[in-house]
Structures are given as structure tokens and as C-alpha cells.
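The sequence shown: position 105 = 1180 (our numbering), numbered continuously.
Cβ atoms here follow ideal geometry from the backbone N, Cα and C, with glycine treated the same way.
Quick notes on the structure that follows.
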Amino acid sequence: MKHHGKIGHVGRQSLSLLARFGRYELAILLCVSVLSGGVWGFVALADEVTEGETQSVDESLLLSLRNPADLSDPLGPVWVEEMGRDFTALGGVGVLVLITLGALGYLLLARRYRAALFTAIAVPGGILLSTVMKMGYDRARPDLVPHEAMVYTASFPSGHSMMSAVTYLTLAALLTRVQPSLRLKAYLLIIAVLLTLLVGASRVYLGVHWPTDVLAGWTAGAAWASLCWLVMRWMQRRGQVETEESWSGTE
1076 MKHHGKIGHV
1086 GRQSLSLLAR
1096 FGRYELAILL
1106 CVSVLSGGVW
1116 GFVALADEVT
1126 EGETQSVDES
1136 LLLSLRNPAD
1146 LSDPLGPVWV
1156 EEMGRDFTAL
1166 GGVGVLVLIT
1176 LGALGYLLLA
1186 RRYRAALFTA
1196 IAVPGGILLS
1206 TVMKMGYDRA
1216 RPDLVPHEAM
1226 VYTASFPSGH
1236 SMMSAVTYLT
1246 LAALLTRVQP
1256 SLRLKAYLLI
1266 IAVLLTLLVG
1276 ASRVYLGVHW
1286 PTDVLAGWTA
1296 GAAWASLCWL
1306 VMRWMQRRGQ
1316 VETEESWSGT
1326 E
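Take a look at the structure:
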């Protein structure tokens, strides 16, 4: 009986390892798919925008969110418009800097020093990429409706959309790599995706971006976050960044 018990224990351990290996490989496949799809989607969308192929769709979608009798009035009651401003602020530089600093503080207190260093490079790097692309394409802001928020840069890609995707998705991806609980991993990713979607949608609602600007920001930001996740996983396998297995050993 004792011998059979040992065999059963070894079998359960083997099945657990196989399931874990399969989950990790599936995660890598999904990240590679998001990365390649995001890059392809952004390039294709940028090409269409540059040629003016999306202009009619952009205009129709933007106008659909306004009162036809008064284009200065976004659809919905006043409190919806105020919520739009609140959501768009979640993609502002000041808010994103505070959130990134908070995440860095969390990693430092948890003694994930190398993960904190990686985060300090990954998030600003994505934001810098967003700024460079915006300057390169230099697309004009929508002029069909009055802007409900202050703007002072070019339109494509949406800086708020891309920076929020870069920050929230990258932080979620990196934090899940040092978090052993599958439930908490899912929670972090869901919150990050929700925040990213709300910020992007608010930019169109407030009339400060064309819908394709926002879509481009989402695709580029998601691709960057996926790249960061893959790089961090590679560095963890090489022992250069703390792993989730070492979480329980940190006090």
C-alpha cells in the first residue's frame, strides 16, 4: 500500500507539472499572437489612415456620438459627459506616472528589485514609443465637433489610448509574472483591459480623437505589453528576474 501511495503521489505531481507546462505554453502562444496581431493591425491601420481610406468611417462614428441638433452636445446626460472626462483622466500622464510609481513601490517592498528595474524601463519605453509615433504621423485632430477636453499634440495614434494600454497592460503582465495565484492573475489582467478600453472610448466620446486613432493606440499598446511579458519570462528563465515561485519565500 505504501508503494502504491508513492506511485500515486508521483503520478499526481507529474500531471500537475504537465498541466502547468501546458498553461505556460498556452500563455506564450497567446502573447505571441497578440504581439504579432498588434503589430500587423497597427501597420495595416496606419496605412489606411495615411491614404485617407478610414476618414468616412471615422466621421460617421464620431458624429453618431453627438446630438444631431447640437454637435457641441455629446449624447447622454451631463453626468455621462463628466464620467467621460473622469475616464479620460485615467490615461493622462500624471495619473499614469502615479500608478507606475505605486507599482514600483509595491515591487520594491516585495523585494522584487530586478522586476522593479524592468518595469521602470518597460513602461517609460512604451510611452516614449507612443510619443515618437505620434510625432511621426502628425495627424490632425477631429474638427467636426467641439473638443470636450484639452489637446495639444497630434492625433494618431491616440496617446491616451496607447499610454494607458502600455501602462495598465504592461504592469498587469509584469505583476502576473511574480504572482503565483491564477485568480489574482486573471483579476489583474481584467482590470487592466477594462481601464484601457474605458480610456480609449472616452477619447472618441469627448471628440478629441478619431476612432481609428484609438484603435491604433490599443493595438500598439497591447503589442508592447505582450513583448514585455515575453521578455520578462525569458529573463526569468535565465534567472535575471525574480520568478513567481520565489514569491512565497519573500517576507
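(request) Report yes or no: do three or more beta-carbon pairs, one from the segment 1218–1227 and one from the segment 1254–1264, lie closer than 8 Å? (result) no
(message) Let me check understanding here. Comparing Cα to Cα, which of THR1245, ALA1248, MET1210 lies closest to SER1233?
(response) The count along the sequence shown starts at 1 and reaches residue 1233 at position 158. Of the candidates THR1245, ALA1248, MET1210, the one whose C-alpha sits nearest the C-alpha of SER1233 is MET1210.
(message) Measuring only the C-alpha atoms, how far is GLY1097 from ALA1164?
(response) Within the sequence shown, the letter at position 22 stands for residue 1097. Within the sequence shown, the letter at position 89 stands for residue 1164. With a pLDDT of 48 at GLY1097, under the threshold of 50, the modelled position of that residue is not reliable, and no figure is offered here.
(message) Looking at the secondary structure, which residues open and close the alpha helix (DSSP H) in which SER1131 lies?
(response) Here the question's residue 1131 lines up with position 56 in the sequence shown. Unbroken alpha helix (DSSP H) run through SER1131: 1130–1138.
(request) Verify whether the separation of the beta carbon atoms of ALA1248 and MET1307 is less than 9 Å. (result) In the sequence shown, the residue the question calls residue 1248 occupies position 173. In the sequence shown, the residue the question calls residue 1307 occupies position 232. It is a contact, given that the beta carbons lie within the stated cut-off.
(request) Determine the closest residue to THR1271 out of GLY1282, LEU1250, ALA1295, with distance taken between C-alpha atoms. (result) On the sequence shown, residue 1271 is found 196 positions in, with the first residue counted as 1. Selected option, being the one with the closest Cα: ALA1295.
(message) Considering Cα atoms alone, identify which of ARG1186, LEU1204, LEU1281, THR1251 is closest to GLY1151.
(response) What you label residue 1151 is simply residue 76 of the sequence shown in a count that begins at 1. Answer by Cα proximity: LEU1281.
(request) Could you tell me the boundaries of the beta strand (DSSP E) in which SER1230 lies? (result) Position 155 of the sequence shown, counting from 1, holds the residue named residue 1230. Unbroken run through SER1230: none, as it is neither H nor E.
(request) Identify every residue that forms a DSSP beta bridge with PRO1149. (result) The count along the sequence shown starts at 1 and reaches residue 1149 at position 74. Paired residues: ARG1141.
(message) Tell me whether the segment 1187–1199 and the segment 1237–1247 touch, counting them as touching only if at least three CB pairs, one residue from each stretch, are closer than 8 Å.
(response) yes
(message) Closer than 8 Å is the cut-off here; do at least three beta carbon pairs connect the segment 1176–1190 with the segment 1121–1129?
(response) no
(request) Check each candidate in TRP1293, LEU1305, LEU1250, ARG1312 and name the one with the smallest Cα separation from PHE1117. (result) Counted from its first residue, the sequence shown places residue 1117 at position 42. Measuring from the Cα of PHE1117, the nearest candidate turns out to be TRP1293.
(message) Using the three-state DSSP reduction, which class does GLY1296 fall into: helix, strand or coil?
(response) Taking the sequence shown and counting its residues from 1, the one referred to as residue 1296 is at position 221. Correct three-state label for GLY1296: helix.
(message) Can you list, in chain order, the residues of its chain with a C-beta nearer than 8 Å to that of VAL1170? Leave out the 5 residues immediately preceding and following it.
(response) Translated into the one-based positions of the sequence shown, residue 1170 becomes position 95. Around VAL1170: ALA1164.
(message) Does ARG1214 pass the burial test, meaning 16 or more other C-beta atoms within 10 Å, or should it be called exposed?
(response) The sequence position of residue 1214 within the sequence shown is 139, counting from 1. It is buried - the Cβ of ARG1214 has at least 16 other Cβ atoms within 10 Å.
(message) For LEU1176 and PRO1143, what's the separation of their Cα atoms in angstroms?
(response) The count along the sequence shown starts at 1 and reaches residue 1176 at position 101. The count along the sequence shown starts at 1 and reaches residue 1143 at position 68. Cα to Cα, the separation comes out at about 43 Å.
(message) Tell me the residue span of the alpha helix (DSSP H) that contains ALA1224.
(response) The count along the sequence shown starts at 1 and reaches residue 1224 at position 149. Segment: none, ALA1224 is in no alpha helix (DSSP H) and carries neither H nor E.
(request) Hey, could you find the ends of the alpha helix (DSSP H) ALA1191 is sitting in? (result) Indexing the sequence shown from 1 puts residue 1191 at position 116. 1188–1212 is the span of the alpha helix (DSSP H), which, as asked, contains ALA1191.
(message) Relative to the C-alpha of LEU1140, which candidate in TRP1299, ALA1276, ALA1298 has its C-alpha closest?
(response) Position 65 of the sequence shown holds residue 1140. Cα-wise, what sits closest to LEU1140 is ALA1276.
(request) Could you tell me whether the Cβ atoms of VAL1268 and VAL1279 are closer together than 9 Å? (result) Here residue 1268 corresponds to residue number 193 of the sequence shown, with the count starting at 1. Here residue 1279 corresponds to residue number 204 of the sequence shown, with the count starting at 1. No, the Cβ-Cβ distance between VAL1268 and VAL1279 is not below 9 Å.
(request) Out of MET1310, GLY1314, TYR1227, state which residue places its alpha-carbon closest to the alpha-carbon of THR1206. (result) For this step, residue 1206 is matched to residue 131 along the sequence shown. Looking at the Cα atoms, TYR1227 is the closest of the given residues.
(request) Report buried or exposed for TRP1299, applying the criterion of at least 16 other Cβ atoms within 10 angstroms of its Cβ. (result) In the sequence shown, residue 1299 corresponds to position 224, counting from 1. Buried, since its Cβ has 16 or more Cβ neighbours within 10 Å.
(message) Give me, in chain order, the residues of the same chain whose beta-carbon lies closer than 7 Å to that of ASP1133; leave out the 5 immediate sequence neighbours on both sides.
(response) Within the sequence shown, residue 1133 is the residue found at index 58, counting from 1. Excluding residues within five positions, the ones whose Cβ falls inside 7 Å are TRP1285, PRO1286, THR1287.
(message) Cutting at 6 Å between CB atoms, please list the residues of its own chain near TRP1304, excluding the five before and the five after it.
(response) Along the sequence shown, one-based indexing puts residue 1304 at 229. So the list reads CYS1106, ALA1248, once near-sequence residues are dropped.
(request) From the DSSP output, in three-state form, read off ARG1308 for me. (result) For this step, residue 1308 is matched to residue 233 along the sequence shown. In this structure, ARG1308 counts as helix in the three-state DSSP scheme.
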